[in-house]
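Chains as they are written, first to last, in our numbering: chain A, 806 to 1253; chain B, 220 to 340; chain C, 5 to 527.
Every residue, glycine too, gets a C-beta built ideally from N, C-alpha and C.
Let me begin by presenting the structure, written as C-alpha cells, before commenting on it.
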Amino acid sequence: MRYLPLSPDDRRDMLGVIGVPSIDDLFVDVPAVARRADPVDLPFHAGELEVEREMLALSRRNRSAAEGPFFCGAGAYRHHVPATVDHLIQRSEFLTSYTPYQPEIAQGTLQVLFEFQTQVAALTGMEVANASLYDGSTAAAEAVMMAQRITRKSKAVLSGGVHPHYVGAIETLAHAAGVATQRLAAAVDAEAAVIDAIDADTACVVVQTPNVFGAVTDVSKIAEAAHAAGALLIVVTTEAVSYGLLKSPGEMGADIAVAEGQSIGNGLNFGGPYVGLFACREKFVRQAPGRLCGETVDAEGRRGFVLTLSTREQHIRRDKATSNICTNSGLCALAFSIHMSLLGETGLRQLALINHQKAVALRDALAAIPGVEILTQRFFNEFAIRVPGSATEVVEILAGNGVIGGVPFARLDPAAGLDDVLLVAATETTSDSDIFFFSKVLAKVIAQ
Amino acid sequence: MRFTKDHEWVALVGDVATVGITAYAADQLGDVVFVEVPAVGKTVKQGDGFAVVESVKAASDVYAPIGGEVVEANAVLTDAPETVNTAPEAGGWFARIKVADPAQVEALMDRDAYEAFLSTL
Amino acid sequence: MTMLNIGRPTRPEAVDGAAGAHDTLTGGRGLLQDEALIFELDGWDKTGVDLPAAPPADDLGDLVRTAPIGLPGLSEPEAVRHYVRLSQKNHAIDLALYPLGSCTMKHNPRLNEKMARLPGFSDIHPLQPQSTVQGALELMDRLAHWLKTLTGMPAVALTPKAGAHGELCGLLAIRAAHEAAGQGHRKTVLAPTSAHGTNPATAAFVGYTVVEIAQTADGRVDLADLEAKLGDHVAAIMVTNPNTCGLFERDVVEIARLTHAAGAYFYCDGANFNAIVGRVRPGDLGVDAMHINLHKTFSTPHGGGGPGAGPVVLSAALAPFAPTPWIVHGENGYALIEQPEGEARAAFGRMCAFHGQMGMYVRAYAYMLSHGADGLRQVAEDAVLNANYLKARLSDLMSPAFPEGPCMHEALFDDAWLEGTGVTTLDFAKAMIDEGFHPMTMYFPLVVHGAMLIEPTETESKQELDRFVVALRALAGAAKAGEVERFKGAPFHAPLRRLDETLAARKPKLRWRPVADAPLAAE
C-alpha cells in the first residue's frame, strides 16, 4: 500500500521491540464482541490509476460551470481565481501544517492570518476581524450568539432578505441556546420592515446586503434604530466582491459584519469548503468566536505573531467558551488573502465594477423578454426576476438546453409562496454570448 | 483585611468594602492579561461570580466575598491589568462594594488564619 | 609548469568568532528571508491582475463606496515571493514528523488534491439543478456508505464542517430525540475530565450542564462514578474512544449499557478513530452518535487550521432527527432532501448553508478507495504499532503516564521524569523544535501532569521513528545531565525565538494599522 511505509520486516522487528508476538496483542483492550477478524465489507485497495478512473467517471456526470452559460449565485459565486493562488496554497508548508500552536515554527501561517484579519477588517469597514470561521452561514449564527452575550437579551430579528440557508443555520444555533428568532417575510425590499420589528428585548438585528434577492440597501437607519433599542446590528454579505463597490457594513453602523468569503480565492466546490469572514467593533473582541492572531515580539525583540486571547476558546474555557469552534477554514482564508493581495484595492474595485456591469447587461437582456419581470431595482451582480409559472420548471428546461439559468427561490424557501421567482447572477466570468444565449433560450421557454 | 478560601480579600472602611484577589492568587495565575470588573450599580450576593481575571492560560471567576452594591470598579485594570500582579493587595483592587451585612466581613478569615490556610494547600 | 592562481577560493576558511546566526545585518538568514507585511511593501496602487476597463456604477448613487478601503496589491512575482518566503517559516508534515497527539497529522496524498480539482467537482454550484450534478450526489452517497460500513452505523449526517460542528450536530440530534420522546427535561451531559475542550463547550452551547466523570488509575472511565451520576436528568454521555490518554475504553460496552439503561444516549468523540478504523466498528460498541474528522482519519490536509469536515454517524434511534440536507436514491437518480418536511419532518434543522464540505468529501473518498477495506485496517494497525514502538523505546528515559498494557495510536507521558531537572514540558517541547521536530501535544489531557501526548500516525517509516527516538533520547539525556540552558531559551534555531504571549494578550494588536502605533516592546 503506497501510503504505508512499514515493511513486513519492520512490523516484525517493531513488535519484537515492543515485546508482543502479534499486532492483535496491541488490541487486547477491545471487547471480544467488537473484535473483527476480517476487513469490513468494502472493496480492497486500489492503485492511483484505478482511483483516478473512478473519480473521473463520477466527475464527468456533473455539468461544470465552465461548460456553458451559467448564472447561479444565491450565496456562492463563480469568479476567476488567478493560477498563482492555487499554486501557492499547495505549498507543503501551508497545505500540510496544523493550527499554529507552536508559533516559532508557524510564522508563515500566523503572518498570513494577521494580514487576512487586516484585509477583512478593511473590507468590512470594521475595527477587527478573526482568523475565519467555517463559512458565511455559521459566521452569521455565531454573530447572533455573540450579540446575545453582549446585550444579555435573547431575541434576534432576522430580515426577510437574509439567505434562507443562513436563517436555518442561525435558527439551529439560536434555538439550541434559547435565543428566540423573529424572521420577517421574504421580500425583495424586506429591509423596509425591519425597524418596526425592533423592541426592547431585541439583542440583534440581522440584515443582508446585497440581500438574497440581490437588493442593495443602505442599512444606516436600521443601525440607528437598533442602537436606540440597545440592540446590535449584524450585517451579512454573501458576495464578498461587492465590498469593492458598495459602502461597507462599518460605514453603515454595523456592530458585527459577517460574510461568505468564497468569492475571493475559492472555487464553487459544490458548496464547501468556504470561508466565513467575521469582523466586529474592537470593544466586543473578547466576546468574539474563533481564533485571533496578534502581534508580539520574541525573546530577542523581533516582531512575531501568535494566537491570542485564547481564554475565550474551548480548549481553555471549556463549558464557558464563546464558541466550540476549533478547526476553522485556514487554507481557504489563505486563498482569500492571496487573491486579495493580487487584486489590491485597484483590482478589487475594478472587478466589482465589471461584475456590476455584467449584471446590468444581463438585466437589460432579460427585461426585454415578454413575460419576464425584473424584481430587484438596485443590485450588485445578482437580481431576482419573475417568470410565468414555476421557476423550478423553467430552470430544469433551461438545463436541458445547456443553460444553468439561476436558482429558483422556492428551492431555498418553498413556504414563501415565491414559486415564480428566479435568482440570477452574473460575474466577470459571464460572457456577452452567455447572456445572449440565455436570453434567447429563456424567451423560447417562456413562449412555449 | 479579611480573606476567603477562594483567595479574595476585603478591606472595610465604614460600610464600603474594597475587594481584590490575594498575592497568593495573583502569583498562581501568572501574568494577568485582562480583568473584567463588575458594572457600578450592580448588586452582588456573597459567593456570586462578580469578576473574571484572565492570564494567558486561564480564565478564572472571582467570587464576591461579601454581598452588596458595587459602587466603584477599578478603572486602572482596564489599561494596566498587570497591576493585579504588581500590587494585588493594594492598587490591584477590583471593586468597592457597599456592604449589605457587615457581619459577613467579620466572619471571614483574618490574615493569620488565611496564612495558616495557605500552609495547608 | 604553468601556474594558474586566479578565480574564487574553493575551500572554506577557518574564521575565529564568526557572527552567530541571529547577527546578520538585515534580518535575512541564508535561505530564510525576512519578510515584511503586505501593508509595508508600498503596493497601495498596485495590482497583480489584468482586468478590462468598466464604466462607473452610476445607478447606485450614494450606495457606492467612495472612501479608501486600505488594501495593498502585489504584482504576481511579488505575491509569489511573499507567500513562498512566509511558507518557509512553517513546519509541515511534508517536512518531518508532526506528532501532535489527538491531531492525527498523517501524510496527505497528492492524488486527492488532484481529484478535488477536477472541474466536475470543483466548478459546480451547490444550487444548480440536481439533474446536472448526479455524479457529485453519488460521490456523497458512496462516501456515506463507506462511513456507515466502517462504523457499523445505519445513518450519517454529512454536513458538519469540522469535529466540533459534528459534536454540535450529534448533541442536537440527541436533544431532538429526547424532546420527541417527552424527555426534554434531561439537561445534563456527562464527560470525563480528560475530554477535549470542544466537548464541554459544545454541550454548554446546546444548553446542557456538564458534569465530569472520574477516571480510574489506569486512565479509563470510572464505571462506578458513571453509574452514580447517571439518572433521569442525564441527556447523554460524551466519551472519546480511544480516549485522550491514548487508551481503549475496555468497559465501553458496559458504559453503553449503563447509559442506555438510564435513558441517555452515548455520544462518542471520534477524533481518535484512526486507531481502530477497519478493525473495530463503533456501532458494535453501543455508540449512538460519533463524529468523524475527515481531516484526521481520512487525511484531508489540515491547511494550517482547516478546512475540516466532521460527518456524524447516527444510530437508528437518532437518524430521523438528522439535519437537512441528505441524499436519497430513487427512480430518477440521486436527490437531496433539503427541507424539513415529509420524510424529513423530524430533522432538527440545518447546520450550515448548502451541503457541507464537498472538497473534503472528494479527498476523503479518494483516500478510502486507495486504501480499501484491507488498507484501512492496516492504517489502524500501523498507527497503533508506531505509537507502541515509540512508547517502548522511550519508556526507560521518560515516564509513561500509563505504563501497563499497550496504548492505541498515541503514547502519553507525564513530566515526572523531568522532576528536579529544572526543565518543564514546555521547555522540552521547544528544544524539540531545535532538533527539527514539531513538539507533541503538551499539557493535554488535563488529567496528567505536564502531559506529553505523542501521535506518530501510520505514515511514518521506522527510519523516521528511529530518528525521532534518537533526538528525544538525546534531549532527555541532556535534561537529566543538567543542560538547562539548552531548554530554557529554546528554540534557538527556529525562525523566531520564544514569543511573548503575555504581551500579545495584554495589548492586543490584531491588525496592521496605517498610523504607526507605539512599537511593541517586551517589558
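- Contacts with chain C at 8 Å (Cβ-Cβ) include I1159(A).
- For Y269(C), the enclosing beta strand (DSSP E) stretches over residues Y269 to D273.
- In the three-state reduction of the DSSP assignment, T1116(A) falls in the helix class.
- The Cβ-Cβ distance between L401(C) and R502(C) does not fall below 8 Å.
- Interface annotation, A228(C): not in contact with chain B, CB-CB separation never under 8 Å.
- Residues of chain B with a Cβ closer than 9 Å to the Cβ of R1122(A) are, in chain order, A277 and A278.
- Of I823(A), R896(A), E909(A) and L1227(A), the smallest CA-CA separation from K434(C) is found for E909(A).
- Within chain C, R510 have C-beta atoms less than 7 Å from the C-beta of P300(B), given in sequence order.
- At least one C-beta of chain A is nearer than 8 Å to the C-beta of N94(C).
- One finds D250, V252 and V275 in chain B with Cβ atoms closer than 7 Å to the Cβ of T506(C), taken in chain order.
- The bridge partners DSSP lists for W48(C) come to none.
- Distance check between D470(C) and each of D815(A), L809(A), E1118(A) and Y808(A) places D815(A) closest, using alpha-carbon atoms only.
- Between Y365(C) and A326(C), the CB-CB gap reaches or exceeds 8 Å.
- Counted as a single uninterrupted DSSP element, the alpha helix (DSSP H) harbouring L915(A) occupies residues Q912 to T929.
- Secondary structure note for I955(A): it is in no beta strand (DSSP E), and the uninterrupted alpha helix (DSSP H) holding it is G941 to T956.
- With respect to the C-alpha of A1140(A), the residue from E859(A), P810(A) and V890(A) having the closest C-alpha is V890(A).
- When 8 Å is used as the limit between beta carbons, T904(A) is near no residue of chain B, the shortest such separation being about 17 Å.
- When C-alpha distances from L1038(A) are compared across S1047(A), K1026(A), A1045(A) and V1046(A), the shortest belongs to K1026(A).
- If you draw a straight line from the Cα of C1009(A) to the Cα of F491(C), it comes to about 50 Å.
- Secondary structure of A320(C) (DSSP, three-state): coil.
- In this structure, the straight-line span from the alpha carbon of T302(B) to that of S1115(A) is close to 21 Å.
- When only Cα atoms are considered, A244(B) and D1001(A) end up about 50 Å apart.
- Judged by DSSP in its simplified three-state form, L36(C) adopts strand.
- By the CB criterion at 8 Å, V259(B) and E227(B) fall outside the cutoff.
- Cβ proximity to chain B below 9 Å picks out T1113, L1114, S1115, T1116, R1117, I1121, R1122 and K1125 from the segment 1112–1142 of chain A.
- In the displayed model, W516(C) falls within coil according to three-state DSSP, outside both helix and strand.
- Note on M7(C): under 16 other CB atoms within 10 angstroms of its CB, so exposed under the neighbour-count rule.
- Bounds of the alpha helix (DSSP H) holding W150(C) are Q138 to T155.
- P300(B) places its beta carbon 8 Å or farther from that of F336(B).
- Restricting attention to M444(C), L416(C) and R381(C), the CA atom closest to the CA of H850(A) is found in R381(C).
- A Cβ of chain C is located within less than 8 Å of the beta carbon of A881(A).
- With three or more CB-CB distances shorter than 8 Å, the segment 957–971 of chain A counts as touching the segment 981–991 of chain A.
- Residue range K466 to K484 is occupied by the alpha helix (DSSP H) that includes Q467(C).
- Taking a cut-off of 8 Å for Cβ pairs, the segment 266–282 of chain C and the segment 293–301 of chain C touch, as three or more such pairs fall below it.
- I1061(A) has I1039(A) and C1085(A) as its beta-bridge partners, per DSSP.
- Looking at the DSSP output, Q1013(A) sits in a beta bridge with V1041(A).
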